[in-house]
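Peer 1:
Residue numbers (full-length UniProt numbering): 1 to 327.
So, in structure tokens, the structure goes:
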């Protein structure tokens, strides 16, 4: 559905004001001083390059006098719901720990992290991790100098390069699928200072987006979890219903509302067709809503060996059927 434009204008302003605070912290030297407090020897550091802005995060490469390089990353204020920013960071740290400890997938080592209350700069929750040297696969796959950015793979990439990339991604997905969990829900928070216990219902990308861009809370009672895949899919479809009913601009007229009503009714009725009853209560899997080729860092333009899987936000434990569906 369309975003709520009024909220979007507010969030754009919030984001810019927050970026100004980040720039001020850098100019005054407070950012580097703060990052140095996490180094085991409190070595000085400097910003290397410019800020890296993604859809939900701002990151910066910090280099210490011993040549150690870290990536410092903050959720962007205005792009991530403030009430859930701490949880978003804690969940990503947990996902990185699980993958590092239980697979051979290369992920960055987390050096430090914390909720907004622990950030003396007032810039919100943060993750500090090892900087992975390499090239973002997304930049290699996109058509260079395109007028409009696109996620469509450029047409001059060789079949052999595609095979190298997808063979590695398939290996990663198979390793992730081998991880079993007993219950759908949020990943438990890691051992560190947290604002509150992790609720059973996951902080999924869809619910966060509806809340942030549409102004509608579709999480429901987050203290109540799910025991079956059917329950979870019904919950997800119910989020669309709530957005349709409560977002002021969810429709543009009678016929649009009618079409959306019919579409959601049909989708709701098809849920039983998507689920084999034998696997309604099977083991559940680690889901990352935003996982794709753009999350991969490769060694270079001539060597497509993946050296890092990054940006594991919006991760949670979900149905195996969801993991196994084609992208």
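Quick reminder that beta carbons are idealized off the backbone N, C-alpha and C, glycines included. Please read all numbers here as calculations on a predicted model, not as lab measurements.
Going straight from the alpha carbon of residue 20 to that of residue 143, what length do you get?
Peer 2: Computed Cα separation, rounded: 32 Å.
Peer 1: According to the Cβ coordinates, are residue 83 and residue 125 closer than 7 Å?
Peer 2: No, the Cβ-Cβ distance between residue 83 and residue 125 is not below 7 Å.
Peer 1: Expressed to the nearest angstrom, what Euclidean distance is found between the alpha-carbon atoms of residue 192 and residue 147?
Peer 2: Note that residue 192 scores a pLDDT of 45, beneath 50, so its modelled location is shaky; the value from the coordinates is reported in the next line. So the alpha carbons of these two residues sit roughly 45 Å apart.
Peer 1: Less than 6 Å separating the Cβ of residue 249 from some heavy atom of the ligand ATP?
Peer 2: This structure simply doesn't include the ligand ATP, nor any ligand for that matter.
Peer 1: Examine the Cβ distances between the stretch 96-105 and the stretch 149-160 and report whether three or more of them are shorter than 8 Å.
Peer 2: The answer is no - the stretch 149-160 does not touch the stretch 96-105, with fewer than three Cβ pairs under 8 Å.
Peer 1: Are the CB atoms of residue 307 and residue 134 within a distance shorter than 7 Å?
Peer 2: In contact: residue 134 and residue 307 (Cβ atoms closer than 7 Å).
Peer 1: Counting only the same chain and skipping the five closest in sequence on each side, list residues whose C-beta sits under 6 Å from that of residue 52.
Peer 2: So the list reads 59, once near-sequence residues are dropped.
Peer 1: Which residue spans inside the stretch 223-266 form an unbroken alpha helix (DSSP H) run of at least 4?
Peer 2: Here the runs fully enclosed are 229-246.
Peer 1: For the stretch 143-199, list the alpha helix (DSSP H) runs that are entirely contained and at least 4 residues long, ordered along the chain.
Peer 2: You should have 159-177.
Peer 1: In whole angstroms, what is the alpha-carbon distance linking residue 299 and residue 305?
Peer 2: Roughly 6 Å between the two C-alpha positions.
Peer 1: Suppose you measure from the CA of residue 268 to the CA of residue 28; what does that come to, to the nearest Å?
Peer 2: Spanning the two alpha carbons is a distance of roughly 54 Å.
Peer 1: Counting C-beta neighbours from all protein chains within 10 Å, is the total for residue 223 16 or more, i.e. buried, or is it exposed?
Peer 2: Exposed: under 16 other Cβ atoms inside 10 Å.
Peer 1: For residue 248, which residues of its own chain have a beta-carbon under 7 Å away from its beta-carbon, when the five flanking residues on both sides are left out?
Peer 2: Cβ within range, chain order: 4.
Peer 1: Is the beta carbon of residue 215 sitting closer than 7 Å to the one on residue 7?
Peer 2: Closer than 7 Å, so yes.
Peer 1: Using only CA atoms, which one of 68, 18, 175 lies nearest to residue 77?
Peer 2: The candidate whose alpha carbon is nearest that of residue 77 is 18.
Peer 1: In whole angstroms, give me the CA-to-CA distance for residue 180 and residue 302.
Peer 2: Taking the straight line from one Cα to the other gives about 36 Å.
Peer 1: Can you tell me where the beta strand (DSSP E) holding residue 296 begins and where it ends?
Peer 2: It spans 296-298 - the beta strand (DSSP E) in which residue 296 sits, taken as one unbroken run.
Peer 1: Touch check for the stretch 274-285 and the stretch 114-123: three-plus C-beta pairs under 8 Å?
Peer 2: No, because fewer than three Cβ pairs between the stretch 274-285 and the stretch 114-123 fall closer than 8 Å, the two stretches do not touch.
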